[in-house]
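Position 14 (the sequence shown) corresponds to 31 in my numbering; numbering is contiguous.
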Amino acid sequence: MIRVNPNYSKLQASYLFSTIARKVSEFQAGNPDKDIIKLGIGDVTHGLPPACIDAMHKAVDEMAVDGTFRGYGPEQGYDFLREAIAQRDFASRGVDIAAEEVFVSDGAKCDSGNIQELFAQDARIAVPDPVYPVYVDTNVMAGRTGEWQDGRYSGLVYLESTEDNHYVPGLPSEPVDLIYLCFPNNPTGATVTHDELKTWVDYARANKALILFDAAYEAFIRDDSLPHSIYEVEGAKEVAVEFRSFSKTAGFTGTRCAYTIVPHACRVFDGSGNAQELHALWNRRHTTKFNGVSYPVQRAAEAVFSADGQAQITALNDGYLRNAAHIREQVSALGYSFAGGENSPYIWIKTGEDSWDFFDRLLNEAAVVTTPGAGFGACGQGYIRISAFNDFAKVEEAMQRIAGVLGK
Ligand code: MLT
Numbered sequence: 018m019i020r021v022n023p024n025y026s027k028l029q030a031s032y033l034f035s036t037i038a039r040k041v042s043e044f045q046a047g048n049p050d051k052d053i054i055k056l057g058i059g060d061v062t063h064g065l066p067p068a069c070i071d072a073m074h075k076a077v078d079e080m081a082v083d084g085t086f087r088g089y090g091p092e093q094g095y096d097f098l099r100e101a102i103a104q105r106d107f108a109s110r111g112v113d114i115a116a117e118e119v120f121v122s123d124g125a126k127c128d129s130g131n132i133q134e135l136f137a138q139d140a141r142i143a144v145p146d147p148v149y150p151v152y153v154d155t156n157v158m159a160g161r162t163g164e165w166q167d168g169r170y171s172g173l174v175y176l177e178s179t180e181d182n183h184y185v186p187g188l189p190s191e192p193v194d195l196i197y198l199c200f201p202n203n204p205t206g207a208t209v210t211h212d213e214l215k216t217w218v219d220y221a222r223a224n225k226a227l228i229l230f231d232a233a234y235e236a237f238i239r240d241d242s243l244p245h246s247i248y249e250v251e252g253a254k255e256v257a258v259e260f261r262s263f264s265k266t267a268g269f270t271g272t273r274c275a276y277t278i279v280p281h282a283c284r285v286f287d288g289s290g291n292a293q294e295l296h297a298l299w300n301r302r303h304t305t306k307f308n309g310v311s312y313p314v315q316r317a318a319e320a321v322f323s324a325d326g327q328a329q330i331t332a333l334n335d336g337y338l339r340n341a342a343h344i345r346e347q348v349s350a351l352g353y354s355f356a357g358g359e360n361s362p363y364i365w366i367k368t369g370e371d372s373w374d375f376f377d378r379l380l381n382e383a384a385v386v387t388t389p390g391a392g393f394g395a396c397g398q399g400y401i402r403i404s405a406f407n408d409f410a411k412v413e414e415a416m417q418r419i420a421g422v423l424g425k
């Protein structure tokens, strides 16, 4: 008899963004004439940068000819892309990351979800609250939690990110082995300073813990004082893995390309306390379960680092940040308090009422999709997240409609 993984029964009925997509489809089916504006899931709306498209076209042509055709590539990514990442995303900021410490993949979602399988079943895990649901759900699936009670899973340590701590959680009050952090944060849009990040790195070094640092939104940082990478903090290479993505940076949500940095210096420990290189373990997993990102997509990602590519992605992301500034202005004019939207595409708004009720009101009365804060954790109750990923005209219209509903 084939039995199911019992941990799946602990999960909420569906993934947050699937639940929202279902609600939106039902609303659209009942209101076929309504023009719904989506400011929910952080999905980009603009075409890929021309430099990427040119590189992709060229690579597609190479694939048509026997002499330049490529079959299986290296699972970890082609050297041309790994080198470009090491040089342009790290060396240029004074961070020494070797090309072979870069693992190219098809998404930060997959990597941040998959990496937990390298750690012991009884690893004590700390997650922010509110949190990107992938970090939690993948540990639930793996059996590292108890049941869901009152909006939380027993067995996890929740790091509360609230208005009082400016959405940057403090150190845990009980020992933990694995810590998930995300800055600029999804969903709150909060950023972290170098000193705040150093506190976490020092904690991890002192406690032989590991930090999983999700930097998927670093391309939206405009404040020069803020760190783009956890490796800007001394000693972080011993205790941190970093996830990056071309999805939001360069509009690759549908194209799929991301990467994970696992430094050789990064250590994990066996049952006797002997140190092992995490790099070797991730390499083992990656080569067993992943067969690489397609050649044309890796060429497109490489083009992000060309002079044209850099200018184009800056313009693209400046456009999304302009949307974010408009959302902030409008939300402020409506009298709501909020965070984020300055070095981040997300604006986190205190609603003063149940998140899902507020979400439903904006969907049903304004035909605008947002994301209910409660979907990100107990501390998200009473909040909604608005994403700045859309065209400016749509964002303007969405905010007018929202003002019409909330200003009543
Ligand atoms: C979000 O809206 O939180 C993100 O788009 C989710 C993701 O990147 O998987």
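Positions of the beta carbon are idealized from the N, C-alpha and C atoms, including for glycine.
Between the ligand MLT and the CB of LYS254, the shortest heavy atom gap is not smaller than 8 angstroms. For CYS127, the enclosing alpha helix (DSSP H) begins and ends at 125-131.
Rounded to the nearest whole angstrom, the CA to CA distance from ASP219 to SER26 is 37 angstroms. Remark: C-beta atoms of PHE355 and ARG339 do not approach each other more closely than 9 angstroms.
In this structure PRO280 is in contact with HIS296, their Cβ atoms being roughly 7 angstroms apart against a cut-off of 8 angstroms. Beyond the five residues adjoining it in sequence on each side, ALA415 comes within less than 8 angstroms, by CB distance, of ILE54, LEU56, ALA383, VAL385 and ASN407 in the same chain, given in chain order. Under the three-state reduction of DSSP, SER26 is assigned to helix. Contact check for LEU198 against ASP231 passes: the beta carbons are separated by less than 9 angstroms. A direct Cα-Cα distance of roughly 10 angstroms separates ALA292 from ALA282.
Residue pairing of ASP146 in beta bridges, as defined by DSSP: GLU177. Annotation: CYS396 is outside any beta strand (DSSP E) and is labelled neither H nor E by DSSP. Your pair GLY326 and CYS69 checks out as a contact, with CB atoms roughly 6 angstroms apart and the cut at 8 angstroms. When DSSP states are grouped into helix, strand and coil, GLY357 belongs to the strand group. GLN347: member of the alpha helix (DSSP H) spanning 324-350, first to last residue. Only residues of its own chain outside the window of five on either side were considered, and among them VAL193, ASP194, LEU195, ILE196, TYR220 and VAL256 have a CB closer than 8 angstroms to the CB of ALA226, listed in chain order. A distance of 9 angstroms or more separates the beta carbons of ARG301 and THR277.
The beta carbons of PRO201 and ILE238 sit closer together than 9 angstroms. Per DSSP, the beta bridge partners of CYS199 are ASP231. A direct Cα-Cα distance of roughly 40 angstroms separates GLN347 from GLU164. Apart from the 5 residues on each side of it in sequence, GLY59 sits with its Cβ closer than 6 angstroms to the Cβ of SER404 and PHE406 in its chain, given in chain order. Restricting attention to ARG284, GLY288, VAL144 and THR270, the CA atom closest to the CA of ALA253 is found in ARG284.
Using a cutoff of 8 angstroms, the CB of ILE132 does not count as near the ligand MLT, since none of the ligand's heavy atoms is closer than that. Take the alpha-carbon of GLN315 and the one of TYR95: they are about 7 angstroms apart. In this structure, TYR89 sits away from ASN334, with a CB-CB distance that is not shorter than 9 angstroms. Out of ALA317, VAL119, ASP212 and ARG161, the CA that lies nearest to the CA of PRO67 is found in ALA317. Under the three-pair Cβ rule at 8 angstroms, the segment 151-165 counts as touching the segment 27-43.
Per DSSP, reduced to three states, the secondary structure at VAL386 is strand.
Annotation for ILE278: no alpha helix (DSSP H) segment contains it, though the beta strand (DSSP E) segment containing it runs 275-278.
Excluding sequence positions up to five before and after ASP371, its CB lies within less than 8 angstroms of the CB of ALA391, GLN398 and GLY399, all in the same chain and listed in chain order.
Straight across, the Cα-Cα distance linking THR210 with ASP52 is about 40 angstroms. Proximity of the beta carbon of PHE260 to the ligand MLT is not indicated: no heavy atom of the ligand is located closer than 8 angstroms. If you draw a 10 Å sphere on the C-beta of ASP154, you find 16 or more other C-beta atoms in it, and that means buried. In this structure, TYR149 has its CB closer than 8 angstroms to one or more heavy atoms of the ligand MLT. ASN24 and LYS126 have their C-alpha atoms spaced approximately 20 angstroms apart.
Within the model, the alpha-carbon separation for THR208 versus HIS183 is close to 9 angstroms. In the three-state reduction of the DSSP assignment, TYR363 falls in the strand class, which pools E and B.
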